[in-house]
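Colleague:
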Amino acid sequence: MRKKTELATSDVAYDDEEDMDEILDTREEVKASDLYLDTINRAALDFDFEKVCSVSTSNINTYGCLVCGKYFQGRGRHSYAYAHSIHDDHHVFINLETTKVYVLPDGYPVSDPSLEDISFVLAPSFNRSYAQILSSSSYPTKLSYDLASKAYLPGYVGLNNIKRNDHMNVVIHALLHVAPLRDYLLLSNFHGKESELLKRFAGLAKKVWNPRLFKSQVSPHEFLQEVNRASTGKYRLEQQGDPVEFLGWLLNHLHKDMGGTKKKNSSIIFSTFQGELRVEAQQVIARPDAGENEKPRFDIARDIKTVTSPFLFLAVDLPPPPLFQDSVEKNIIPQVSIQSVLSKYDGKTTQESVGQLRRYKCQRLPPYVISHFKRFTKNIFVEEKNPTIVTFPLRGLDFREYVDATASQPPPVYDLVANITHESVAGTTRDKENTVWKVHLRAGGAEYEKWYTIQDLIVEETRKEMIFLGESVLQIWERRC
Ligand SMILES: [Zn+2]
Numbered sequence: 001m002r003k004k005t006e007l008a009t010s011d012v013a014y015d016d017e018e019d020m021d022e023i024l025d026t027r028e029e030v031k032a033s034d035l036y037l038d039t040i041n042r043a044a045l046d047f048d049f050e051k052v053c054s055v056s057t058s059n060i061n062t063y064g065c066l067v068c069g070k071y072f073q074g075r076g077r078h079s080y081a082y083a084h085s086i087h088d089d090h091h092v093f094i095n096l097e098t099t100k101v102y103v104l105p106d107g108y109p110v111s112d113p114s115l116e117d118i119s120f121v122l123a124p125s126f127n128r129s130y131a132q133i134l135s136s137s138s139y140p141t142k143l144s145y146d147l148a149s150k151a152y153l154p155g156y157v158g159l160n161n162i163k164r165n166d167h168m169n170v171v172i173h174a175l176l177h178v179a180p181l182r183d184y185l186l187l188s189n190f191h192g193k194e195s196e197l198l199k200r201f202a203g204l205a206k207k208v209w210n211p212r213l214f215k216s217q218v219s220p221h222e223f224l225q226e227v228n229r230a231s232t233g234k235y236r237l238e239q240q241g242d243p244v245e246f247l248g249w250l251l252n253h254l255h256k257d258m259g260g261t262k263k264k265n266s267s268i269i270f271s272t273f274q275g276e277l278r279v280e281a282q283q284v285i286a287r288p289d290a291g292e293n294e295k296p297r298f299d300i301a302r303d304i305k306t307v308t309s310p311f312l313f314l315a316v317d318l319p320p321p322p323l324f325q326d327s328v329e330k331n332i333i334p335q336v337s338i339q340s341v342l343s344k345y346d347g348k349t350t351q352e353s354v355g356q357l358r359r360y361k362c363q364r365l366p367p368y369v370i371s372h373f374k375r376f377t378k379n380i381f382v383e384e385k386n387p388t389i390v391t392f393p394l395r396g397l398d399f400r401e402y403v404d405a406t407a408s409q410p411p412p413v414y415d416l417v418a419n420i421t422h423e424s425v426a427g428t429t430r431d432k433e434n435t436v437w438k439v440h441l442r443a444g445g446a447e448y449e450k451w452y453t454i455q456d457l458i459v460e461e462t463r464k465e466m467i468f469l470g471e472s473v474l475q476i477w478e479r480r481c
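If you read the sequence shown in UniProt numbering, its first letter stands for residue 1, the second for the next number, and so on.
1. Where does E245 fall in DSSP's three states?
2. Out of curiosity, what's the CA-to-CA distance linking S119 and T99?
3. Buried or exposed: G396, going by 16 or more other Cβ atoms within 10 Å of its Cβ?
4. Considering only residues of the same chain and omitting the five flanking positions on each side of S309, which have a CB-CB separation below 6 Å?
5. According to DSSP, K150 sits in a beta bridge with which residue or residues?
6. Quick one: Cα of Y184 to Cα of K215, how far?
7. For Q132, name the three-state secondary structure that DSSP assigns.
8. Say whether the stretch 59–66 touches the stretch 234–243, bearing in mind that this needs 3 or more beta-carbon pairs closer than 8 Å, one atom from each stretch.
9. By how many angstroms is the C-alpha of D456 removed from the C-alpha of G158?
10. Closest to N210 by CA distance: which of L186, S195, R463 and E194 is it?
11. Where does R358 fall in DSSP's three states?
12. How would you write the range of the beta strand (DSSP E) that L314 sits in, first residue to last?
13. With distances taken Cα to Cα, identify the nearest neighbour of N116 among K199, I304 and I94.
14. Return the bridge partner residues of I162 from the DSSP annotation.
15. Using a 10 Å radius around the Cβ and a threshold of 16 neighbouring Cβ atoms, would you call A205 buried or exposed?
16. Residues with a Cβ closer than 5 Å to any heavy atom of ligand 1, in chain order?
17. Evaluate N127 with the Cβ neighbour count: other Cβ atoms within 10 Å of its Cβ, from every protein chain shown; 16 or more gives buried, anything less gives exposed.
18. When DSSP builds the beta bridges, which residues end up paired with I458?
19. Tell me which residues share the same chain as E401 and place their Cβ nearer than 7 Å to its Cβ, disregarding the 5 neighbours each side in the sequence.
20. Rounded to whole angstroms, what's the CA-CA distance from A81 to T57? Just pull it up for me.
21. Nearest CA to the CA of V279: which residue from V403, Y36, V417 and V227?
22. Along the chain, where does the alpha helix (DSSP H) containing S340 start, and where does it finish?
23. Could you tell me the alpha carbon to alpha carbon distance between P220 and I162, rounded to whole angstroms?
24. Quick one: grab the DSSP three-state call for A443.
25. Are the CB atoms of Y36 and V92 within a distance shorter than 7 Å?
26. Should Y368 be labelled buried (16 or more other beta-carbon atoms within 10 Å of its own) or exposed?
27. How long is the line joining the alpha carbons of V171 and Q363, rounded to whole angstroms?
28. Could you name each continuous alpha helix (DSSP H) segment of 4 residues or more that falls completely within the stretch 213–264, going from the start of the chain to the end?
29. In this structure, how does DSSP classify F47 when only helix, strand and coil are distinguished?
30. Counting only the same chain and skipping the five closest in sequence on each side, list residues whose C-beta sits under 7 Å from that of F273.
31. Starting from the Cα of E97, find the closest Cα among I86, N169, H191 and S137 and give me that residue.
32. Using the three-state DSSP reduction, which class does V170 fall into: helix, strand or coil?
33. Take H167 and list the residues in its own chain whose beta-carbon comes closer than 7 Å to its own, dropping the five residues that flank it on each side.
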């Protein structure tokens with residue numbers, strides 16, 4: 001139950017303190033404020049939750065109490081922050097929008113260099129040279145430490161699983177490790193009419209890459225609340241879902257919110273992830289002379305329909321697992337190489353469905369290729385999972401065979417950046433409900449490469465040879481320049 005509010009919103013929506021800042025003699029207050037600054041409890045602060053007043057739930061003109069971490073609206077005489085300062089004897093408040101700090105109930109501003117770390121946790125800002133450090137092949141050169149002296153690596157921090165949002169956490173992490181998108185978000189300074197989704201995604205990026213966190217973990221709550229709103233309830237943190245669907249939704253939504261159009265390169269999303277695919281299709285005509293097991297082939301004498309379409313993902317099918325006869329064979333996990341599943345895009349391999357024969361080839365590959373292994377198939381009864389393991393190199397995957405050659409360009413060689421895997425819990429191999437999503441993330445470049453596995457709050461360094469043992473569902477590949 002929400003507390004009933006007796007105050008009219010207009011009383012607290014805007015500060016009614018006719019700036020007491022100037023009225024009061026600041027010199028006397030400086031000494032008093034020193035005492036108050038000692039009451040600040042940094043361990044209670046993270047600013048991860050939606051910036052709404054804990055009493056009125058309004059998001060207008062909210063302040064964070066630096067003693068207990070709660071949010072209250074206003075700082076004028078009739079405001080909730082003012083009332084909190086009197087009732088709870090908490091006196092230091094930060095404006096969540098401007099990061100200015102005030103002492104209440106007196107109402108004077110405090111600016112003290114010792115508060116700078118707090119405003120940096122609330123609203124971190126980065127410059128281009130920090131972004132360059134993150135992209136350097138020797139990152140990380142040093143670890144960061146949180147308030148509890150716990151070491152962490154900025155960018156590789158745990159994300160809270162608030163209810164059942166691990167399928168969204170892995171997507172957030174994967175996207176925030178794509179350098180052009182990461183840098184766009186870290187260097188952004190949104191204060192205008194940008195979409196709330198974009199602002200909050202940038203805010204989350206800045207937290208995840210913040211080298212001066214108070215707690216070495218971040219809650220995606222504020223961003224996911226907006227995801228819920230923007231998707232009109234389709235993606236909720238209470239409900240397990242499909243990371244592939246979520247990623248598709250998020251990329252398209254961010255693209256539009258960035259002002260992107262149908263044109264290529266019209267947003268950082270398109271210029272980073274969008275490629276072009278050529279699809280050739282032909283009607284299948286049953287030949288009376290064809291043998292029973294003969295596959296239909298393209299008939300060059302007949303019309304072949306060619307369309308070119310843009311893509312954000314390269315979806316590949318996994319071969320159906322063999323039907324095992326006995327219990328010994330059931331323990332064998334089928335394996336395929338990534339090259340054999342990507343052959344779908346070589347322009348020669350054909351696929352037949354509903355009387356159409358098709359073959360595919362990329363015309364243009366983006367700087368970052370998202371590959372999706374279709375592991376789940378739905379039938380009317382149940383969602384089946386294909387357990388086939390896909391083997392892949394971490395570095396140097398050559399896409400030459402899957403794209404039309406352009407003479408001027410170097411060969412399209414890609415290195416893995418992120419790998420999202422699915423794990424079924426305790427014997428259930430079928431449903432996505434009982435499930436654990438994990439993401440493997442690369443840190444550093446060729447000579448100094450490390451891999452981390454993140455599952456919600458658990459962050460672990462991982463041996464390279466363990467990475468392909470998971471059931472990969474999504475991967476992001478980075479083109480070598
Ligand atoms: Zn308080």
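Built from N, CA and C at the ideal position, the CB exists for glycine as well. All figures in this text were calculated on a predicted structure; none of them were measured in a lab.
Modeller: Taking the definition as stated:
1. The sequence position of residue 245 within the sequence shown is 245, counting from 1. Helix, per DSSP.
2. Walking along the sequence shown from the start, residue 119 turns up at place 119. Walking along the sequence shown from the start, residue 99 turns up at place 99. Cα to Cα, S119 sits roughly 6 Å from T99.
3. Here the question's residue 396 lines up with position 396 in the sequence shown. The residue is exposed, with fewer than 16 neighbouring Cβ atoms inside 10 Å.
4. Counting from 1 along the sequence shown, the entry for residue 309 is found at position 309. If we look at S309 and ignore the five residues flanking it on each side, its Cβ neighbours are L277.
5. Taking the sequence shown and counting its residues from 1, the one referred to as residue 150 is at position 150. Answer is none; K150 lacks a bridge partner.
6. Here the question's residue 184 lines up with position 184 in the sequence shown. Here the question's residue 215 lines up with position 215 in the sequence shown. The C-alpha of K215 is placed about 24 Å away from the C-alpha of Y184.
7. As a first step, residue 132 must be located in the sequence shown, where it is residue number 132. It is helical.
8. no
9. Looking up residue 158 in the sequence shown gives position 158. Looking up residue 456 in the sequence shown gives position 456. Cα to Cα, G158 sits roughly 5 Å from D456.
10. Locating residue 210 in the sequence shown gives position 210, counting from the first residue. Among L186, S195, R463 and E194, the Cα nearest to that of N210 belongs to L186.
11. For the purposes of this step, residue 358 is taken as residue 358 along the sequence shown, with counting starting at 1. In this structure, R358 counts as strand in the three-state DSSP scheme.
12. Here residue 314 is taken as the residue at index 314 of the sequence shown, counted from 1. Here the beta strand (DSSP E) through L314 covers L314 to D317.
13. To locate residue 116, count along the sequence shown from 1; it is residue 116. Residue 116 is actually Glu in this sequence, not Asn. Checking every option, the nearest Cα to that of E116 belongs to I94.
14. Locating residue 162 in the sequence shown gives position 162, where the first residue counts as 1. Beta-bridge pairing links I162 to no other residue.
15. For the purposes of this step, residue 205 is taken as residue 205 along the sequence shown, with counting starting at 1. So A205 ends up on the buried side.
16. C65, V67, C68 and H90
17. Residue numbering aside, residue 127 sits at position 127 when the sequence shown is read from its first letter. Exposed, since its Cβ has fewer than 16 Cβ neighbours within 10 Å.
18. To locate residue 458, count along the sequence shown from 1; it is residue 458. DSSP output for I458 lists Q455 as bridge partner(s).
19. Position 401 of the sequence shown, counted from the start, is the residue given in the question as residue 401. Counting only Cβ-Cβ distances below 7 Å, and skipping sequence neighbours, we find D346.
20. Counting from 1 along the sequence shown, the entry for residue 81 is found at position 81. Counting from 1 along the sequence shown, the entry for residue 57 is found at position 57. Going by the C-alpha atoms only, they are around 13 Å apart.
21. The residue you call residue 279 lines up with position 279 of the sequence shown. Comparing Cα positions, the closest option is V403.
22. In the sequence shown, counting from the first residue as 1, residue 340 sits at position 340. Note, S340: alpha helix (DSSP H), I338 to L342.
23. Start at 1 with the first residue of the sequence shown, and residue 220 comes out as number 220. Start at 1 with the first residue of the sequence shown, and residue 162 comes out as number 162. So the alpha carbons of these two residues sit roughly 8 Å apart.
24. Position 443 of the sequence shown, counting from 1, holds the residue named residue 443. When secondary structure is reduced to three states using DSSP, A443 falls in the strand class.
25. On the sequence shown, position 92 is the one that residue 92 refers to. On the sequence shown, position 36 is the one that residue 36 refers to. Their beta carbons are under 7 Å apart, which means V92 touches Y36 by this criterion.
26. As a position in the sequence shown, residue 368 is number 368, starting the count at 1. With 16 or more Cβ atoms within 10 Å of its Cβ, Y368 is classed as buried.
27. Taking the sequence shown and counting its residues from 1, the one referred to as residue 171 is at position 171. Taking the sequence shown and counting its residues from 1, the one referred to as residue 363 is at position 363. If I take the Cα positions, the gap works out to 27 Å.
28. 221–230 and 243–257
29. The residue you call residue 47 lines up with position 47 of the sequence shown. Three-state DSSP puts F47 in coil, outside helix and strand.
30. The count along the sequence shown starts at 1 and reaches residue 273 at position 273. Correct list, in chain order: L251, L312, P366, Y368 and I370.
31. Along the sequence shown, read from residue 1 onward, the residue named residue 97 stands at position 97. Out of I86, N169, H191 and S137, H191 has the C-alpha closest to the C-alpha of E97.
32. Stepping through the sequence shown from its first residue, residue 170 is reached at position 170. Three-state DSSP puts V170 in a helix.
33. Taking the first residue of the sequence shown as position 1, residue 167 is located at position 167. Q240, G241, D242, P243, F246 and W437.
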